[in-house]
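Just below is one structure, and these are the notes that go with it.
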Amino acid sequence: MNDYAIDDSVDITDVVCPVTFVKAKVAIDEMEDGQILSIRMNDGEPAQNVPRSIKDEGHRILRLKDNEDGTYSLIVQKRGD
Amino acid sequence: MAFSDDQLERYSRHIILKEIGVRGQKRIGEGRVLIVGAGGLGAPAALYLAAAGVGVIGVADADAVELSNLQRQIIHSTPDVGKPKVQSAGEKMKAINPDVAVNEHHVFVNAGNVMELISGYDFVIDGTDNFSAKFLITDACVIAGKPFSYAGIIRFQGQLMTYVPGEGPCYRCVFVDPPPPDAVPTCSQAGVIGAMGGVIGSLQAMEAVKFITGAGKLLTGTMLTYDALAMKFQSVPLPKRPDCAVCGPSPSILHPFDYAARVCEGIAL
Numbered sequence: 007m008n009d010y011a012i013d014d015s016v017d018i019t020d021v022v023c024p025v026t027f028v029k030a031k032v033a034i035d036e037m038e039d040g041q042i043l044s045i046r047m048n049d050g051e052p053a054q055n056v057p058r059s060i061k062d063e064g065h066r067i068l069r070l071k072d073n074e075d076g077t078y079s080l081i082v083q084k085r086g087d
Numbered sequence: 009m010a011f012s013d014d015q016l017e018r019y020s021r022h023i024i025l026k027e028i029g030v031r032g033q034k035r036i037g038e039g040r041v042l043i044v045g046a047g048g049l050g051a052p053a054a055l056y057l058a059a060a061g062v063g064v065i066g067v068a069d070a071d072a073v074e075l076s077n078l079q080r081q082i083i084h085s086t087p088d089v090g091k092p093k094v095q096s097a098g099e100k101m102k103a104i105n106p107d108v109a110v111n112e113h114h115v116f117v118n119a120g121n122v123m124e125l126i127s128g129y130d131f132v133i134d135g136t137d138n139f140s141a142k143f144l145i146t147d148a149c150v151i152a153g154k155p156f157s158y159a160g161i162i163r164f165q166g167q168l169m170t171y172v173p174g175e176g177p178c179y180r181c182v183f184v185d186p187p188p189p190d191a192v193p194t195c196s197q198a199g200v201i202g203a204m205g206g207v208i209g210s211l212q213a214m215e216a217v218k219f220i221t222g223a224g225k226l227l228t229g230t231m232l233t234y235d236a237l238a239m240k241f242q243s244v245p246l247p248k249r250p251d252c253a254v255c256g257p258s259p260s261i262l263h264p265f266d267y268a269a270r271v272c273e274g275i276a277l
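Respectively, the protein sequence lines represent chains E and Y.
Sequence positions in the first sequence follow our numbering and run 7 to 87.
Sequence positions in the second sequence follow our numbering and run 9 to 277.
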């Protein structure tokens, strides 16, 4: 059971750094403060870097979920500007 | 406006920046900038603003490309010699970025057309090469309440300052009137090192992008000077002139006017 409800999701497995982060950033930008986004990303470089970059922007990382297919889902709560 | 995948990729290095981000890049896309003069200063400014994705860029210049321009006016190429500068510049800008709309104003800016010309834009870049044009652009922008970037380059020196209504001095506060003819450099004194336009014109593009996005602090109330031989930048704080004829509280200049043109004035700029 999750203690959050996902408002939107974005898949960044089709792009490479830095567009991974850019695509995630654009998806977050389109949401309201406090809403929750699920970001599907590849293992490796994206899973290492994207969560850190999103944290640097001040958003809240709720969870990094292993999808067990070589991808992860990062659950992020948008913070206000 | 939503970004396409290509646009996300094209502007990724902007969007990554906290100070620009998605919102800033959207503002850039909605921005409208007029560049007066497609020469040493206007060339790099036009290239960077097109690359940045400024929605509408106007370029005003009545001249054609000459061989002697190519040493510094990097938007023009050898096959462009003889072509109107606005056309040559427009082709390069659209090649860099098809998102950008370019307005080619193939005119000499004068008292009769300047107000209408600047009215369609949010920010003006003065890339002109003579004092009469600089005073004309200043007067028009102050009267219209239009922010603009002044710059001048000669030999190994360059300078620039940004005017925003209500903030700091205008060009006329600093220089008051055009210099007497004997103080103006003659043709033989008016060389300019090619990269100087690149340095100062790029800084003008920087100011335009900062104005559009609201990032950082603009160069208002301060003249930035660059001496390439000494390799020194200096920031010179400058006050508003209380009795400035155009931006002062009781201005005597209420409409733009033309000073008589002088031969060879600042010819390299």
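In this text, a Cβ means the ideal position worked out from N, Cα and C, and glycines have one as well.
For clarity, every value in this text was computed on a predicted model and none was experimentally measured.
| Item | Value |
| --- | --- |
| Give the C-beta separation of valine 117/Y and alanine 46/Y to the nearest angstrom, bearing in mind that I take them to be a contact with Cβ-Cβ under 8 Å. | Valine 117/Y to alanine 46/Y, Cβ: 12 Å. No contact. |
| Contact criterion: CB-CB distance below 8 Å. Does serine 6/Y meet it with respect to chain E? | Because chain Y here runs from 9 to 277, residue 6/Y falls outside it and cannot be looked at. |
| When you compare the CB of proline 52/E with every CB in chain Y, is at least one pair closer than 8 Å? | no |
| Determine the extent of the beta strand (DSSP E) in which valine 182/Y is found, giving its start and end residues. | Run containing valine 182/Y: none in the beta strand (DSSP E); it sits in the alpha helix (DSSP H), 179–183. |
| Under a CB-based cut-off of 8 Å, is leucine 16/Y close to chain E? | yes |
| Which value, in whole angstroms, describes the spacing of the CA atoms of cysteine 149/Y and isoleucine 24/Y? | 33 Å |
| How big is the Cα-Cα spacing for isoleucine 18/E and glutamine 41/E? | 19 Å |
| Since aspartate 39/E meets chain Y, which of its residues come closer than 9 Å, beta carbon to beta carbon? | Going along chain Y, no residue has its Cβ under 9 Å from aspartate 39/E, so there is no contact; the nearest lies around 14 Å. |
| Where does histidine 22/Y fall in DSSP's three states? | helix |
| List the residues of chain E that isoleucine 24/Y touches, going by C-beta distances under 7 Å, in chain order. | Pro24, Phe27 and Val28 |
| Under 7 Å between beta-carbons, which chain C residues line up against aspartate 14/E? List them in chain order, please. | No chain C is present in this structure, whose protein chains are E and Y. |
| Using the beta-carbon of each residue, which ones in chain Y are nearer than 8 Å to valine 32/E? | Phe11, Leu16, Ile23 and Val30 |
| Quick one: is aspartate 113/E near chain Y, going by C-beta distance under 8 Å? | No information on residue 113/E is available, as it lies outside the stretch 7 to 87 that chain E covers here. |
| Below 6 Å CB to CB, which residues in the same chain sit around alanine 119/Y once its five sequence neighbours on both sides are set aside? | Pro264, Phe265 and Asp266 |
| Using a Cβ-Cβ cut-off of 8 Å, state whether glutamate 74/E counts as contacting chain Y. | no |
| Buried or exposed for glycine 209/Y, please, with buried defined as at least 16 other CB atoms from any protein chain shown within 10 angstroms of its CB. | buried |
| Does the Cβ-Cβ distance between valine 182/Y and methionine 231/Y come in under 8 Å? | yes |
| Quick one: which unbroken beta strand (DSSP E) runs of 3-plus residues sit fully inside the region 72–153 of chain Y? Chain order, please. | 109–113 and 131–134 |
| Can you name, in chain order, every residue of its own chain whose Cβ lies under 6 Å from the Cβ of leucine 246/Y, other than the five neighbours on each side? | Pro177, Val182 and Met231 |
| Is the separation between the beta-carbon of threonine 279/Y and that of isoleucine 145/Y shorter than 8 Å? | Nothing about residue 279/Y can be read from this structure; chain Y reaches only from 9 to 277. |
| Just reading off the alpha helix (DSSP H) that asparagine 55/E is part of, what are its end residues? | 51–62 |
| Tell me threonine 230/Y's beta-bridge partners as DSSP assigns them. | Pro245/Y |
| Am I right that alanine 159/Y and leucine 49/Y are in contact with their C-beta atoms under 8 Å? What's the rounded C-beta distance? | 5 Å |
| With DSSP as the reference, label glycine 208/Y as helix, strand or coil. | This sequence places isoleucine at residue 208/Y; glycine is not what is there. Looking at isoleucine 208/Y - three-state DSSP - the assignment turns out to be helix. |
| Looking only at its own chain, which residues have a Cβ that is under 7 Å from the Cβ of alanine 223/Y, when we skip the five neighbours before and after it? | Glu27, Ile28 and Gly32 |
| So valine 207/Y and tyrosine 179/Y are supposed to be a Cβ contact under 8 Å. How far apart are they, rounded? | In fact, because the Cβ distance is near 20 Å, the residues do not count as touching under 8 Å. |
| Given this structure, state the Cα-to-Cα distance separating valine 115/Y from leucine 237/Y, to the nearest angstrom. | 35 Å |
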